[in-house]
Structure formats: C-alpha cells, structure tokens
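Same order as they appear, the protein sequences are chains A and B.
Quick note, in numbering that gives the first Met the number 0, the first sequence goes up one by one and the last residue is 407.
Quick note, in numbering that gives the first Met the number 0, the second sequence goes up one by one and the last residue is 407.
2 protein chains.
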Amino acid sequence: MKRGYLADYFVGVGTKRLSGTEVDPAISNGHEFQGTRILQAFLGPPSTRRSIPCTYMWLTDEEAPVRLDATATWYDSRANQPHRRPEPRLLYTAEAEPVVYQASEGDTLLVCLGRDARLTVLLCRAGSDIEQQLLWLFDLEPPTAQFSQRDIRETDQGALSFAARQILEAIEVEVPVADDHWLEALLKAFGPKFPGTAAFSSFARDLCPEVDPKGEPDSTLMAWLELEETLFFTLERHIIDERLRTGFVAASRTDVHGFIAFSLSVQNRRKSRAGYSLEHHLASIFEAHGLAFERGGRTEGNKKPDFLFPGAAAYRDDRFPDDGLTLLGAKSTCKDRWRQVLSEGARVRRKHLVTLEPGISRNQTDEMRAADLQLVVPAPIQTSYLSDQRAWLFSLQDFLALVRRRAA
Amino acid sequence: MKRGYLADYFVGVGTKRLSGTEVDPAISNGHEFQGTRILQAFLGPPSTRRSIPCTYMWLTDEEAPVRLDATATWYDSRANQPHRRPEPRLLYTAEAEPVVYQASEGDTLLVCLGRDARLTVLLCRAGSDIEQQLLWLFDLEPPTAQFSQRDIRETDQGALSFAARQILEAIEVEVPVADDHWLEALLKAFGPKFPGTAAFSSFARDLCPEVDPKGEPDSTLMAWLELEETLFFTLERHIIDERLRTGFVAASRTDVHGFIAFSLSVQNRRKSRAGYSLEHHLASIFEAHGLAFERGGRTEGNKKPDFLFPGAAAYRDDRFPDDGLTLLGAKSTCKDRWRQVLSEGARVRRKHLVTLEPGISRNQTDEMRAADLQLVVPAPIQTSYLSDQRAWLFSLQDFLALVRRRAA
Numbered sequence: 000m001k002r003g004y005l006a007d008y009f010v011g012v013g014t015k016r017l018s019g020t021e022v023d024p025a026i027s028n029g030h031e032f033q034g035t036r037i038l039q040a041f042l043g044p045p046s047t048r049r050s051i052p053c054t055y056m057w058l059t060d061e062e063a064p065v066r067l068d069a070t071a072t073w074y075d076s077r078a079n080q081p082h083r084r085p086e087p088r089l090l091y092t093a094e095a096e097p098v099v100y101q102a103s104e105g106d107t108l109l110v111c112l113g114r115d116a117r118l119t120v121l122l123c124r125a126g127s128d129i130e131q132q133l134l135w136l137f138d139l140e141p142p143t144a145q146f147s148q149r150d151i152r153e154t155d156q157g158a159l160s161f162a163a164r165q166i167l168e169a170i171e172v173e174v175p176v177a178d179d180h181w182l183e184a185l186l187k188a189f190g191p192k193f194p195g196t197a198a199f200s201s202f203a204r205d206l207c208p209e210v211d212p213k214g215e216p217d218s219t220l221m222a223w224l225e226l227e228e229t230l231f232f233t234l235e236r237h238i239i240d241e242r243l244r245t246g247f248v249a250a251s252r253t254d255v256h257g258f259i260a261f262s263l264s265v266q267n268r269r270k271s272r273a274g275y276s277l278e279h280h281l282a283s284i285f286e287a288h289g290l291a292f293e294r295g296g297r298t299e300g301n302k303k304p305d306f307l308f309p310g311a312a313a314y315r316d317d318r319f320p321d322d323g324l325t326l327l328g329a330k331s332t333c334k335d336r337w338r339q340v341l342s343e344g345a346r347v348r349r350k351h352l353v354t355l356e357p358g359i360s361r362n363q364t365d366e367m368r369a370a371d372l373q374l375v376v377p378a379p380i381q382t383s384y385l386s387d388q389r390a391w392l393f394s395l396q397d398f399l400a401l402v403r404r405r406a407a
Numbered sequence: 000m001k002r003g004y005l006a007d008y009f010v011g012v013g014t015k016r017l018s019g020t021e022v023d024p025a026i027s028n029g030h031e032f033q034g035t036r037i038l039q040a041f042l043g044p045p046s047t048r049r050s051i052p053c054t055y056m057w058l059t060d061e062e063a064p065v066r067l068d069a070t071a072t073w074y075d076s077r078a079n080q081p082h083r084r085p086e087p088r089l090l091y092t093a094e095a096e097p098v099v100y101q102a103s104e105g106d107t108l109l110v111c112l113g114r115d116a117r118l119t120v121l122l123c124r125a126g127s128d129i130e131q132q133l134l135w136l137f138d139l140e141p142p143t144a145q146f147s148q149r150d151i152r153e154t155d156q157g158a159l160s161f162a163a164r165q166i167l168e169a170i171e172v173e174v175p176v177a178d179d180h181w182l183e184a185l186l187k188a189f190g191p192k193f194p195g196t197a198a199f200s201s202f203a204r205d206l207c208p209e210v211d212p213k214g215e216p217d218s219t220l221m222a223w224l225e226l227e228e229t230l231f232f233t234l235e236r237h238i239i240d241e242r243l244r245t246g247f248v249a250a251s252r253t254d255v256h257g258f259i260a261f262s263l264s265v266q267n268r269r270k271s272r273a274g275y276s277l278e279h280h281l282a283s284i285f286e287a288h289g290l291a292f293e294r295g296g297r298t299e300g301n302k303k304p305d306f307l308f309p310g311a312a313a314y315r316d317d318r319f320p321d322d323g324l325t326l327l328g329a330k331s332t333c334k335d336r337w338r339q340v341l342s343e344g345a346r347v348r349r350k351h352l353v354t355l356e357p358g359i360s361r362n363q364t365d366e367m368r369a370a371d372l373q374l375v376v377p378a379p380i381q382t383s384y385l386s387d388q389r390a391w392l393f394s395l396q397d398f399l400a401l402v403r404r405r406a407a
C-alpha cells in the first residue's frame, strides 16, 4: 500500500500570527498578508500583478470548515520603481472577505502552495486543535508576527501516517488509499455492497495476519484500522465507479434527486464507518487479552458507555467495589464531544477515552485532566502530541495494564 | 411555489415509548416492536410473513443520524391457528441491531409508512429536540407504552411550512422547492454559478416586493428566507443538472475523485448557505428599522458576536451603560451550539439568540433560561414550540421593540 507523501501534495507552506491590519476591516482594507515576500521561493518573482487560484478556509474545532474557491494576487508593489528591488506582496481578494474576516488578530494563518500551483489559505484560532494539528503536519514552529515558511520539496519524510491523513482530510485533501489488489476478495465476500460494520471489520482482521494483539496492541490496532480503511475505500470506489457508469441521465432527463441521495449515502457511510471500526477492533483486542468487558451495557439513567469493565452487572452490584470498574469511551475523533463521556457512569470517578484524533490542543487536554478524564491514544498517533502531553497520555498498552491490574 | 404536503410523503405514522423488551438484548432477542397490530390500517393484514423495505434511523441532537436501509417483517403470529383472528406483529431485522440497539428503554419509537410503501423506523431520546420536532411534524400526542398512530391521508393540513421542511430534512426527506420559473432571472444575474452569499440574499430581497420589514418583520424575514431558499435550490439544480450531463466518465475511465469533490462542494454549500442567509436578512431588517448595530464587531478576547447593538465602539467604551448594549447571536439551527453565545460579551448579562430551528426541547430552553439566554424565534416558527415555551419566546418584533427602547 503506497500511502503517499506530503510532497505529493505541497511544495511549500508558511505561517504567521495574524495582525489586526490583515484581518480587521476597522483597521485596514489593504487585504494584504504581511511578510509574505519570502513566498518568492515558491511563487517566483511577481510580474506586475499575477492572479493565482486560491482556496480560503476558516477552520474551527466545532463546525464544518467555511471554504471559498477564489483567487489571490501576487504582485510587486515597487513595479513602478525600476531602480529598487521588487517588493512582492500577497493580497487576498475582496470576494474572500467573508472567510478571512472570520479570523481575528492573534489567530493563525497558513499559506500553502500546492503541487498543482494552487494556493490554500488556512485560518484558525490560536490554541485550537486544528492549529496544533496543522503545525505538526507541516512540521512548522509555532507562528510569530513574522511570516516563516518551510520548503516541503526538500524534506526527506516518511509516507503519510494515519494521523497525517486525518489532518489532510480536515482541510479537504483526500489521500487515496484504495487498492484494487483487494477488490476480488471483497467482491467474492460481499458482492458490490457493504456488509454490516462488524462483519467488515472482522474481514479486515482476518486478512491481516502478521500482527500481535497480545504483545503489540497499539500497532495491531493501527494495522487493523489501516487495512480496513484501504478495504473500505477500495469497495467504495468500486461501488461509486459502477454508479457513475450508469450515470444520472435517463431519456435526456437528469436525476438530480438521485444524485443528492447517492452522494449523501456515500458521505454518511464514511462518517459512521470510522467510529464502528474503532470499537470493533478494540473489542477484538480486549478479547485477545482475555479481559471481561461489556459493550453498550447500561449504567444509570440509561447511559451506555462504549465499554464497561468487567460489565454492567458488576456496575449495578453495590457490593462490587468502585475501583474495580473501568469505563472507556471510544471516539475516532473527539472535537468537543469528549465531555459526553463524563456523564456515562457516576460510579467510575476517572473515566477513560480512547481516540484516534491526532494533536488535540493543550487547552483541550488540560480540560480533560481537570475533568478527571484520561485520554488513551495508540502509540503511533502520540507523535502528533506535544511532549508534555505525551507524558500524560495512555497508550492502549497502558490502558490494558490498568484493566488487568484491576481484574487481578 | 408549491411546497408540498405531508400526505405527499407519508400514509400514516405511529409512536410509542420503547420498553427494554424491544431494544435491550439482555432482556429479549424477540426483535419485535410491540402493539404495532394497529398498523394493519396501513399495511393491510399480514400474510404469513411479508418483508417490507425499511429504513432505520437513530437520531440525536448532537451527531449525524445513524441510518441503515434494510427490511422489516410484517407477519401473523397466529398464522398456524386458523380459528383465531390474526395477530400481526412488526419485527425488525437482525441486520438493524446496530441502529436499534442505540436506543434504550424509555426512548421514543416512530414507525412511518411512506407513500412509496417503504417503512421508516425512527428512534430518538425522550425529551430531545428531535423528538419534540417529530411529534409536532406528525401531530402526535406524546408517546406512551401503548402504540398509537395517526392516518395522514385523512388530514386536511396546509402546505409544508419552513419549520416542517427543516424537520423532514433531518430525517433525510427532501422536499423539492426549486422552481424553474426563476431560472432565467438567476442565470441572467449570475450565470451558472453562485455569487457571494450577501449578493445572493440581496437578489432574493429585491425579487420579494410585497413585504413590510418595518410593520411585519417576522413574516418578512420568513418570506425572504423562503424565496432565497427557492432561488438557491433552483440554481443548484441547474448547476447539478449541467454537471450530471457532462457525466463522470471520460474515455471509459470514471472520475471517482471528481464525483466526491463535486458532491462535497454541494453539501458544504448547503451547510454554510443557511447561516449566512439568516444574518444578511436580519441586517436588512435592522437597517429598515434604523437601528444602530454592528456585525462581527469585537468584544473581549477577540470574540465576535454576530450582532452588537449599537456597536463594538460603545461596547469598549466604559462610560457607555451596560444596559444600553444588546448582543444577538444568529444560528439557523442551534443544536448544542447555543452555549457559544454565552461567552461572546461579558458586559451584556442577558444574551439574545435568534434561530430558525423548530421545536427545541423543553430541556434545552430551560437550560437557556437558566443561562440567561433569551431565544428569539420568528413568529411563524413558534407554532412548533409548546405553549409554555411560546409564552417565554421572543418574536423578532419583540426583539426589535427591546432594542428600540434601549436606544431611546
């Protein structure tokens, strides 16, 4: 499976902390991102005025990205002063104001130049998850008032990791992982449609023999997840391919409604798949370790934590000691939904939550600690966290050791 | 504009409060929804065992719906007892367990029979927004342990309102509002692409002359929103139609990536449109009333409430009295994001939030009141709220009167 490299998508990227002059129309209407002169390294010297296709995105941890496809202008503000050296500037178009003005002084700007010569302007809050994730993805230092940049062509980095691909997905860059080498086996097992999520996850595990769920639970979980992801996108591509060949035009009438319904079904299947996949594979690892646990067992108020160790019967049994109970939520991405876990079982003081989300911000992990929630992140994804966060994070291995101790 | 009727989509609908026997596998594996015998009125007497196409959905106020298309079984449990009258039962398929088991004892079930003879099984939490919305949409009494139902064919109800269409959208029933009567004007103004959201909203207002923003602000806002919605879907249908005619197959290769990108762009444009539209039209109404206000003005910590009256300069001026300031958030749908407004301006004790969301649950509105947030709902949408909630709600008219008093 070739997973692609960052350099397949980007040439270079720069960042800075935004000033009011750049994004506050009450201060300036200059539409300029300052200090971007050094983008010359990627954009070349400006002619008088060059228009470059540019995607603008405002990214938050709570809502879907606000995106606009327009242009940016790369120009030499000293074009009329032939005796002085060029002074290149990057301007955003007036059309992009509704996106750019979402940002405030102190927020973070990233300017990315794609391999396809398109620019992407990313704006996000300082201290947000998405900021930490993007800085990690592009290997950038925390932004300052000075625009600083990195040449991605020069870097000798490994293939894009699971964590990296998740972040790229958030900025709507899709890294293809489908692999038709698996298609025959998929069609033989399920035909051209998806089975239930449990059956699909189990199929992925069966095809992934060189793993060690007992000795290497963290890397085993990742291997299962990644193979299932490849299988999912392989079968999805086949299904979409077939549907597109049929087309959405019959007797010269187009089926707009059919298109919307089909595309919604594709998006929704993608959304719900990841969560189920994580839970199924975790259950398989807990079984391999011979742990007693229950999925979806009820606690008080009909709450249903994803995993309860040893189970709901013990939870409801007053004679069973509180400190023998473990409650684990599982969320493939957290966003601000991690708080839901806090109310899922009053008897368990410290809750655990396992996630695949890379680089959750220090703000969020501080709040988790304050709420006595221990985050569990598979070891390969922990590299996207800051070093002081990593000291606190549990790996899956750590979590398993805890549950074993409590069961002993 | 023909907006459609509920009876265009549904024949009948029933509801009950779920018991553990129905949804808790620890109690029963019977897969039966109890008391559904009376569905005979719509489904007819069961043969021994009839399989009916059925969509299962688990609906929450926080996450995207979990949906599964499968079947349900309608059968006569006394088929072998020819001397007794038939005892019809509705069973869900084992395949639907991952959706049905999301529900717990005490949650709410709705069984809808569509005009297309498909069943839709909807499951949601008791006391949730979506429960209140669905009960209002289908005009059902609050569910009890007994299955009760309503014949939609018999009702003489008006065309589907804006509120009703929003709720149908939540259960993925799309009510077409496009109207090609507007297409020529749209193409003349913008060509086959969308302009900025402000320009589009302004275009809609210009085409909507018989309104009275000063005297009838609530109905004017709704008229603008509804016409813009029609214009949006008319132009969208044209754009999709053109794209589908081109197709996603070239030289016998399909463009799966192009399909995904195009369908994402359609979904994202839908998502971001509604919010902008509401803000633009509100601003136009505030202007018609000659009120001083500012959109996106900064308060402390770089927070940007949607509307600040009279403006950010007054907010930052310590000599300006606190009780002369009004802060208004605008969210076309609230979900649990209404809390964001609470931190957008410490000087304004009671915040206001205007929304188009129908039938927000009493749980949520109680929490809003406790947090000193006054909800503003255009009068035509207030019918979807319970009577005690309506006594508390502000209309847009009420809100305008308050701001005028403060400015006087």
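C-beta: ideal position from N, C-alpha, C; glycine also.
None of the values given here were measured: they were computed from a predicted structure.
- Excluding sequence positions up to five before and after G29 of chain A, its CB lies less than 6 Å from no other CB in the same chain.
- Contact residues of the segment 365-382 of chain B toward chain A are absent (C-beta to C-beta distance below 8 Å).
- For P309 of chain B, no CB of chain A lies under 8 Å from its own CB, so it is not counted at the interface with that chain.
- Residue pairing by DSSP places G11 of chain A opposite A:L112, A:D150 in a beta bridge.
- For D240 of chain B, the residues of chain A that pass the 7 Å Cβ criterion are T253, V255, in the order they occur in the chain.
- Between T59 of chain B and the set B:V353, B:F393, B:S360, B:W391, the nearest pair of CA atoms involves B:S360.
- For Y4 of chain A, DSSP assigns no beta-bridge partner whatsoever.
- Under the three-state reduction of DSSP, H351 of chain A is assigned to strand.
- Proximity of chain B to S262 of chain A at the Cβ level (cut-off 9 Å) is accounted for by F258, I259, F261, S262, L263, V265, Q266, in chain order.
- Counted as a single uninterrupted DSSP element, the beta strand (DSSP E) harbouring D75 of chain B occupies residues 65-75.
- The Cβ atoms of I284 of chain A and L220 of chain A sit closer than 8 Å to each other.
- Look at L290 of chain B here: in three-state DSSP terms it is coil, with no helix or strand label.
- Residues T196, F231 of the same chain have their beta carbon placed closer than 7 Å to that of R272 of chain B, with the five preceding and five following residues left out of the count.
- Shown here, L118 of chain B sits in a strand according to DSSP, grouped into three states.
- One finds G195, T196, A197, Y275 in chain B with Cβ atoms closer than 8 Å to the Cβ of P97 of chain A, taken in chain order.
- Residues of the segment 65-81 of chain B with a C-beta atom less than 8 Å from some C-beta of chain A are V65, R66, listed in chain order.
- Contact annotation: in the segment 143-177 of chain B, residues whose CB is within less than 9 Å of a CB in chain A are E171, E173, P175, A177.
- If you draw a straight line from the Cα of R77 of chain B to the Cα of P44 of chain B, it is about 12 Å long.
- Interface residue (Cβ-Cβ distance to chain A less than 8 Å): V120 of chain B is not classified as such.
- DSSP places F32 of chain A in the strand class (E or B) of the three-state scheme.
- The C-beta separation of S147 of chain B from T14 of chain B comes to about 6 Å, placing the pair in contact by the 8 Å criterion.
- Contact annotation for E104 of chain B against chain A: N301 [CB-CB distance below 7 Å, chain order].
- Scanning chain A for C-beta atoms nearer than 8 Å to the C-beta of Y100 of chain B yields G295, reported in chain order.
- Spatial neighbours of D371 of chain B in its own chain (CB-CB distance under 8 Å, excluding positions within 5 residues in sequence) are listed in chain order as R348, R349, K350.
- In the DSSP assignment, S218 of chain B falls within the alpha helix (DSSP H) that extends over 216-245.
- Selection A:A116, A:V110, A:A69 evaluated against C123 of chain A yields A:V110 as nearest (Cα-Cα).
- One Cα belongs to Q339 of chain B, the other to E183 of chain A, and the distance between them is close to 49 Å.
- In this structure, P357 of chain B lies away from Q101 of chain B, with their beta-carbon atoms at least 8 Å apart.
- For G328 of chain B, the uninterrupted beta strand (DSSP E) segment begins and ends at 325-330.
- At a cut-off of 8 Å between C-beta atoms, K270 of chain B counts as an interface residue with respect to chain A.
- Here DSSP, grouped into helix, strand and coil, assigns F393 of chain A to strand.
- Here the segment 366-382 of chain A lies against the segment 158-165 of chain A, with 3 or more beta-carbon pairs under 8 Å apart.
- Bridge partners of Y91 of chain B according to DSSP: B:A71.
- Note: T107 of chain B is bridge-paired with B:R16, B:C123 in the DSSP secondary-structure output.
- Rounded to the nearest whole angstrom, the CA to CA distance from A25 of chain B to L399 of chain A is 26 Å.
- Interface with chain B (8 Å Cβ-Cβ cutoff): E140 of chain A is excluded.
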